[in-house]
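Following the numbering used here, the numbering of the sequence shown begins with 23 at its first residue and continues without gaps. Report on the structure given below.
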Amino acid sequence: QVQLVESGGGLVQPGGSLRLSCAASGSIFRIYAMGWYRQAPGKARELVAVITSSGSTNYADSVKGRFTISRDNAKNTVVLQMNSLKPEDTAVYYCNAFPLTTIPWGQGTQVFVSS
């Protein structure tokens, strides 16, 4: 079964940067578009960035120009570079296929933006 493991979260001040990484067992990246999702306290999980198998990207309006998604199919990893972070970016961040399939969610990585 495919497993997703996110890492790289932490506490950062507003305006700071973090680099999130998602590692997957198996070769799903070569088949699926992949997305980064986030869930803030008391809110529904939302999609923030998508990258297709060929490398095309799309972003939620709230992160456009600040976040960059990339992938390395040889290493089975997807990275989310987050710059100019804002307090409203505080959430647990997850990666998964896009659109969602039966691949289970990982544990996520917590991002906390605060001064």
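Glycine residues also receive a C-beta, built at the ideal position from the N, C-alpha and C atoms.
Query	Result
Residue interval of the beta strand (DSSP E) (run including residue 118)	113-120
Anticipated Cβ contact below 8 Å, residue 103 with residue 41, distance rounded	5 Å
DSSP beta-bridge partners of residue 92	101
Three CB pairs or more closer than 8 Å across the region 49-64 and the region 32-41	no
Proximity below 8 Å, CB of residue 48 to CB of residue 71	no
Those residues which DSSP pairs with residue 28 across a bridge	44
Residue of 36, 65, 25 minimising C-alpha distance to residue 135	36
Residue from 59, 79, 125, 69 whose Cα sits closest to the Cα of residue 116	59
Burial state of residue 122 (16 or more Cβ within 10 Å)	exposed
CB contact flag (residue 101, residue 92, <8 Å)	yes
Bridge partner(s) assigned by DSSP for residue 68	60
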